[in-house]
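What follows is a set of notes on a single structure, which appears directly below.
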Amino acid sequence: MQEKNPLSPHLQIYKWHISSLLSITHRIVGVVNIFIIIFICLWCLTLFFGQSNYQIIQSTLTTKFGKFLIISICWTFSFHILNEIRHLFWDAGFGFDLKTAKITGVSVLIGSLILTILFYLIGRNFF
Amino acid sequence: MAQFSLPQNSKIEVGQYFKDKTKSRNLKKVNVYRWDPSTGKNPRVDTFEVDMDNCGPKVLDILIKIKNDIDPSLTFRRSCAHGVCGSCAMNIDGINGLACIKSHSDINGDLNIYPLPHLKVVKDLIGDLTTLYKQYESIQPWLKVDQTGTEQTELRQSQKEREKLDGYYECILCACCSTSCPSYWWNGDKYLGPAVLLQAYRWINDSRDGDKKERLKKVADELKLYRCHTIMNCTNSCPKGLNPAKAIGSIKKMLATG
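Residue numbers (the numbering used here), protein chains in the order written: chain A, 5 to 131; chain B, 104 to 361.
Here it is in structure tokens:
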């Protein structure tokens, strides 16, 4: 096909489904998690350079923004783990039905929120 | 890196507005993607007011009505008009489907019709599917047997073996699934796409075929097969209700379990 022919619109017009939305979220969250893990490792490394370095991050994480960050991290990890379980089932050949995929998708989303709340409560010594 | 926005010559402009002349009270606004290769201009979206009191039930009926009564230059593919040939595959209301079996009464508000996504447009609603057909050819969609033709015996298939093809042989290659797949949008030249992989699975799964191992080996490729990330847009869009995502999953499983 010649260069002058236009490309038909794609992302601009295509409707989102739950499955496609979760798929792209899974990807983004995966990349975010890599950065978070690196950050946590660096944080641990600062211990070698004395308590004061450790304290700087510690004190930023106890601010309101820091708490928001931690809760977000809880969500990204729980979402990624739950959706990865869904992927494992697909790899084993189950759950490809449109209806099943929709149900598992929604339950991953709800489950990740529940897990986040659970992590938060455990962190606050609620139980 | 994939380009997420449209190239400069593909940016969509506002097109003409065709006001209703029948004085009908039951009007539907239909927005249709237009591109004329002879003008050298960018594609545009024309809006047609269509009298729904005198129109058939399907989206294809609207398009035919526009072509007959309003603008004869509107170009689209169609043939059988009952979901068997796959010619009228297009993007209707944001989801790929066959215009001839999609009821317009299912769609509230304005009706948006675009060609199949991420294809080179030939004219108006016609996309260029050359790459897809080439990829289809590459999986050799025919029975390969050791017979020379002189044996004079039939290739028998039990009912159970035949049932394994259910849900795969029905594919009409309308390309709705492949052009709905974001992976296929970004890697369409290398990734085979759901339609072709479903066909590949159909031949791998055929008990009469003698080339199963070779077929599997050919398709086991980082780009050809594993660009599928189970986004499931394919299964969501298939107008025949088939499940390409499952077919691809089955190929992956076959390769993993040997």
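Each residue gets a CB set at the ideal place from its N, CA and C atoms; glycine is no exception.
Check, Outcome
"To which residues does DSSP link V248 (chain B) through a beta bridge?", "Looking at the DSSP assignment, V248 (chain B) forms no beta bridge with any residue, so it has no partner."
"With 16 as the cutoff for other CB atoms within 10 Å, does W245 (chain B) come out buried or exposed?", "exposed"
"Give a yes or no on whether 8 Å exceeds the smallest Cβ distance from F100 (chain A) to chain B.", "yes"
"How big is the Cα-Cα spacing for L214 (chain B) and N134 (chain B)?", "6 Å"
"Using a Cβ-Cβ cut-off of less than 9 Å, give me the residues of the stretch 114-148 of chain B that come near chain A, in sequence order.", "K114, I115, Y136, W138, P140, G143, N145, P146"
"Give a yes or no on whether 8 Å exceeds the smallest Cβ distance from A323 (chain B) to chain A.", "no"
"Look at the Cβ atom of P297 (chain B), then the Cβ atom of C277 (chain B), and state whether they are nearer than 8 Å.", "no"
"Tell me the rounded alpha-carbon separation between F107 (chain B) and V248 (chain B).", "44 Å"
"Express the C-alpha separation of V112 (chain A) and S24 (chain A) in angstroms, rounding to a whole number.", "14 Å"
"Is the distance from the Cβ of Q16 (chain A) to the Cβ of L109 (chain B) below 8 Å?", "yes"
"For L65 (chain A), which residues in the same chain have their Cβ closer than 8 Å to its Cβ, ignoring the five residues on either side in sequence?", "K71, L73, I74"
"With 16 as the cutoff for other CB atoms within 10 Å, does I60 (chain A) come out buried or exposed?", "exposed"
"Taking just the CA atoms, how far does T120 (chain A) sit from K85 (chain A)?", "Reading the sequence as shown, one finds Ile at residue 85 (chain A) and not Lys. Cα to Cα, I85 (chain A) sits roughly 12 Å from T120 (chain A)."
"Tell me, please, whether the CB atom of H221 (chain B) is closer than 8 Å to any CB atom in chain A?", "yes"
"Could you tell me which chain A residues have their CB closer than 7 Å to the CB of K349 (chain B), listed as they occur along the chain?", "F100"
"Between which residues of its own chain and G97 (chain A) is the CB-CB distance below 7 Å, once the five residues before and five after are set aside?", "none"
"Give me the Cα-Cα distance between C280 (chain B) and R90 (chain A), rounded to the nearest whole angstrom.", "22 Å"
"Any beta-carbon of chain A closer than 8 Å to the one on N308 (chain B)?", "no"
"Examine chain A for any beta-carbon lying closer than 8 Å to the beta-carbon of T150 (chain B), and answer yes or no.", "no"
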